[in-house]
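In the UniProt record's numbering, the protein residues as written are 1 to 273.
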């Protein structure tokens with residue numbers, strides 16, 4: 001009796017195994033050669049975008065390339081947007097790629113006392129308590145700070161933005177105003193401030209502004225749209241716009257010299273999503 005073996009089938013299996021081994025080896029080698037993957041905030045799904053952004057921006061560091069791509073800054077603003085996560089927390093990120101629903105209203109909104117703000121100004125309680133403490137301590141140092149805007153509803157922001165567009169056009173309005181749903185003011189964690197009885201546009205030239213730069217982080221607030229960071233925030237510099245993130249986080253962000261956007265994708269996103 002003669003037994004016949006199908007050697008072709010065995011050879012094919014070996015070939016398939018060899019191909020798989022080669023593919024695995026190539027992937028390992030590619031990862032070893034991939035400088036981006038050494039960063040803790042690297043996202044493998046963004047690798048092709050990192051490479052493309054590096055080609056178009058050869059002077060940027062690896063850290064900045066990964067950060068900007070993770071923030072979607074390689075795309076047009078208000079495209080490929082997604083709903084914000086970490087709702088009703090100090091880690092909530094809202095920008096031109098992360099939005100709040102039209103029906104989102106933050107929890108624990110409270111009215112600021114008229115001695116600290118214009119009438120009818122609301123903030124999330126924790127932020128409210130700390131801005132009132134900040135203003136009181138600033139007054140002891142001879143500063144006169146007042147809140148002129150804080151929580152805004154979706155509909156309020158919609159009317160505001162539409163008026164700006166009517167006056168300045170979409171392109172210009174987008175540099176200084178958020179579209180409805182994309183405004184940090186809807187979080188209830190933001191204050192616009194000025195020196196009392198002064199125009200907020202002049203705030204940069206006041207002692208109060210310098211005091212805020214030196215002290216705001218100790219009360220949980222950060223300058224949200226700093227000078228020379230427009231390429232990250234996608235907003236013009238706003239000396240009057242401060243975001244509450246909590247004392248511990250504000251101190252860390254201040255020490256890092258990063259914007260909230262940068263700090264979020266580098267240190268917070270993986271921890272809180």
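Virtual Cβ for every residue (Gly too), placed ideally from N, Cα, C. Small disclaimer: the values here were computed from a predicted structure and weren't measured.
Cutoff 7 Å; reference residue i; Cβ partners in own chain excluding five residues on either side
i, result
"residue 220", "130, 244, 245, 246, 247 and 250"
"residue 240", "192, 193, 194, 200 and 203"
"residue 36", "42, 47, 50, 62 and 66"
"residue 128", "110 and 112"
"residue 211", "138, 141 and 143"
"residue 99", "81, 83, 84, 181 and 182"
"residue 268", "91"
Spatial neighbours of residue i in its chain, beta-carbon cut-off 8 Å, leaving aside the 5 residues before and after
i, result
"residue 134", "145, 215, 216, 219 and 221"
"residue 80", "72 and 97"
"residue 270", "40 and 41"
"residue 260", "93, 222, 224, 243, 245 and 253"
Inter-residue Cα distance where the pair is residue i and residue j
i, j, result
"residue 68", "residue 262", "8 Å"
"residue 38", "residue 91", "25 Å"
"residue 264", "residue 93", "8 Å"
"residue 148", "residue 189", "14 Å"
"residue 109", "residue 252", "26 Å"
"residue 185", "residue 153", "8 Å"
"residue 229", "residue 121", "28 Å"
"residue 183", "residue 34", "36 Å"
"residue 107", "residue 181", "17 Å"
"residue 118", "residue 105", "21 Å"
"residue 237", "residue 213", "14 Å"
"residue 76", "residue 95", "13 Å"
"residue 172", "residue 227", "18 Å"
"residue 258", "residue 56", "23 Å"
"residue 170", "residue 88", "30 Å"
"residue 167", "residue 101", "26 Å"
"residue 44", "residue 266", "15 Å"
beta-carbon residue i near the ligand ATP non-hydrogen atom, thresh 7 Å
i, result
"residue 136", "Because no ligand of any kind appears in the structure shown, any question about the ligand ATP cannot be addressed here."
For residue i, the nearest candidate out of the options (CA to CA)
i, options, result
"residue 196", "167, 139 and 252", "139"
"residue 150", "165, 123, 254 and 99", "123"
"residue 74", "240, 267, 233 and 260", "233"
"residue 158", "205, 84, 103 and 85", "103"
"residue 242", "223, 106, 205 and 210", "223"
"residue 111", "132, 101 and 56", "132"
"residue 125", "44, 113 and 119", "113"
"residue 231", "170, 45 and 60", "60"
For residue j and residue i, believed in contact at Cβ under 8 Å, the rounded distance
i, j, result
"residue 161", "residue 177", "5 Å"
"residue 116", "residue 179", "Contact doesn't hold; Cβ gap of about 29 Å is too wide."
"residue 198", "residue 206", "7 Å"
Cβ-based neighbour list, residue i, same chain, cut-off 6 Å, excluding 5 preceding and 5 following
i, result
"residue 208", "143, 145 and 195"
"residue 235", "225"
"residue 53", "65, 69 and 74"
"residue 255", "none"
"residue 40", "none"
"residue 175", "236"
"residue 164", "173 and 177"
For residue i, the residue or residues it bridges with in DSSP
i, result
"residue 290", "Because the chain spans 1 through 273 in this model, residue 290 falls outside it and cannot be assessed."
"residue 61", "The partner list for residue 61 (beta bridge, DSSP) is empty, contrary to what the question assumes."
"residue 76", "Looking at the DSSP assignment, residue 76 forms no beta bridge with any residue, so it has no partner."
"residue 194", "146"
"residue 117", "147"
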